[in-house]
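Working notes for the structure below.
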Amino acid sequence: MERIILASKSPRRKQLLEWAEIPFDVMVKDTDEMYPASLPIDQVPVYIARNKALAVKEELSHDRLILAADTVVVLNGKVIGKPVNKENAIAILTELSGQVHEVITGVVLMRDDAEIAFADITEVEFHKLSPQQIEFYVNKYKPYDKAGAYAIQEWIGVVGIKRVKGDFYNVMGLPVSRVMKAILEFEN
């Protein structure tokens with residue numbers, strides 16, 4: 011398999027690609043994560059991922075396969091981003107407590123003028139979390155770089171998640187099996 015370019019600084023995405031034994035190099039260019047308000051919610055992370063891939067593509071001097079991804083959490087039709095501070099993280103987790111929400115990861119693979127883009131959706135249900143549990147998690151794990159203010163592979167996922175319907179790894183930030191199929195499509 012050819013080495014791809016991962017257009018993400020996410021340690022979780024790097025780890026997932028390593029687990030899948032997909033060879034890659036990381037190349038990141040800061041991009042704006044704003045999106046048009048009229049965009050359907052399931053297309054928001056695809057739009058952001060595409061912008062990440064395009065920014066990296068502009069920097070490349072030769073043709074390489076680029077993988078970019080973005081993850082959002084959606085509760086009751088509203089996109090919940092990354093928390094801006096401790097109070098915001100606590101408020102987000104309080105809102106998610108006892109609720110079912112969706113985690114949507116948008117993926118874009120791009121080389122030359124060819125592109126494969128998709129969104130993968132996983133449903134996650136939290137147990138009712140106490141204020142003490144939420145505060146403990148936020149204080150210890152500081153989830154400020156995580157959509158929805160949590161990481162499923164950390165303490166809160168182990169004790170706080172009641173049910174996952176869909177790809178577990180999608181909640182970590184990358185639906186790896188689907189990505190692998192898309193990479194193989196580019197290689198054929």
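In this text, residue positions in the sequence shown follow our numbering: the first is 11, and each later residue adds one. For every residue, glycine included, the Cβ atom is placed at its ideal position computed from N, Cα and C. Model, not experiment: these values are computed from the prediction.
Ignore the nearest five residues each way along the sequence and tell me which others in Asp-155's own chain have a CB closer than 7 Å to its CB.
Result list for Asp-155: Lys-92, in chain order.
Whose CA, out of Trp-29, Ile-114, Ala-78, lies closest to the CA of Ile-15?
Ile-15 has its Cα closest to that of Ala-78, out of Trp-29, Ile-114, Ala-78.
Where does Val-94 sit, in a helix, a strand or coil, going by DSSP?
Coil at Val-94, not helix or strand.
Which one of Asp-52, Glu-197, Gly-108 has the shortest CA to CA distance from Ile-114?
Closest option to Ile-114, Cα to Cα, is Asp-52.
Evaluate Met-44 with the Cβ neighbour count: other Cβ atoms within 10 Å of its Cβ, from every protein chain shown; 16 or more gives buried, anything less gives exposed.
Exposed, since its Cβ has fewer than 16 Cβ neighbours within 10 Å.
Can you tell which of Phe-136, Glu-97, Ile-131 has its C-alpha closest to the C-alpha of Val-110?
With distances taken between Cα atoms, Val-110 lies closest to Phe-136.
Just checking my contact of Arg-121 with Phe-196 at CB under 8 Å: how many whole Å lie between their CB atoms?
With 8 Å as the limit, Arg-121 and Phe-196 qualify as a contact, their Cβ atoms being about 6 Å apart.
Which residues bound the beta strand (DSSP E) around Glu-125?
Note, Glu-125: beta strand (DSSP E), 124 to 136.
For the alpha helix (DSSP H) holding Glu-164, just list the boundary residues, first then last.
Taken as a continuous stretch (DSSP letters only), Glu-164 belongs to no alpha helix (DSSP H), as it is neither H nor E.
Could you pull out every residue in the same chain whose Cβ sits closer than 6 Å to the Cβ of Ile-126, ignoring the five residues on either side in sequence?
Contacts found: Leu-119, Ala-192.
Classify Pro-55: buried if its beta carbon has 16 or more other beta carbons within 10 angstroms, exposed otherwise.
Buried, because 16 or more other Cβ atoms sit within 10 Å of the Cβ of Pro-55.
For Arg-22, report the span of its alpha helix (DSSP H) as first-last.
Element bounds for Arg-22: 21 to 29.
Count the other C-beta atoms from every protein chain shown that fall within 10 angstroms of the C-beta of Leu-49, then say buried if there are 16 or more, exposed otherwise.
Result: exposed.
Measure the CB-CB distance between Thr-132 and Lys-175 and report whether it falls below 8 Å.
Yes, they are a contact pair.
Rounding to the nearest angstrom, what Cα-Cα distance links Val-181 and Ile-144 in this structure?
Rounded to whole angstroms, Val-181 to Ile-144 spans 19 Å at the Cα level.
By the three-class DSSP mapping on this structure, what secondary structure does Leu-70 have?
Leu-70: coil per DSSP, three-state reduction.
Using the Cβ count rule (16 or more neighbours within 10 Å means buried), how would you classify Ser-140?
By the 10 Å Cβ count, Ser-140 comes out exposed.
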